Each structure stands twice: as structure tokens, then as C-alpha cells.
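Numbering (the working numbering), first residue to last: 40 to 114.
We treat Cβ as the ideally placed atom computed from N, Cα and C, and that holds for glycine.
This one's a predicted model, so the numbers in the text were calculated from it and none came from an experiment.
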């Protein structure tokens, strides 16, 4: 039964990690690329930096949750 538990835990951690990666790319890399090419994106200045920081921190928090979830694996 612990094998089923471990596999479900790993799948959930993978889902959370994929969400974290998507948040990092969407909120971190996307606005940076759009600003560097002069494409429409978040307004320049501190508000864009703040929004990007929030997205990156959110993705980091979800990634950390996935790592904590993996600590619950059974031997």
C-alpha cells in the first residue's frame, strides 16, 4: 500500500512543480522578454518589477510545497 501512496505523492509533487515552473515562466521570463523587445506587456517601472517579483516568489513557494510533499514518502 505504501507503493501506491508514494506514487500518488510523486504525481502530486510533479503537478505542483509544473505549476511552479509555469508561474516562473509566465510571470518572470515573459514580461522580461516583452519589455526587452518593446512588445506590449506590463507597464514599465516599479510596477512591472513588483508584479514579476510576486510571480517568481509565488512559483518558488509552490515549488517548495512540492519539495515538502516529497518528504512524506514512505520507505
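- Query: Measuring CB to CB, does residue 105 end up less than 8 Å from residue 45?
  - Reply: no
- Could you check how far apart the C-beta atoms of residue 52 and residue 70 are, in whole angstroms? I think they sit under 8 Å. About 27 Å; that fails the 8 Å criterion.
- Comparing alpha-carbon positions, which option in 54, 43, 108 and 90 lies nearest residue 68? 90
- Message: Do residue 59 and residue 93 have their beta-carbon atoms positioned less than 8 Å apart in this structure?
- Response: no
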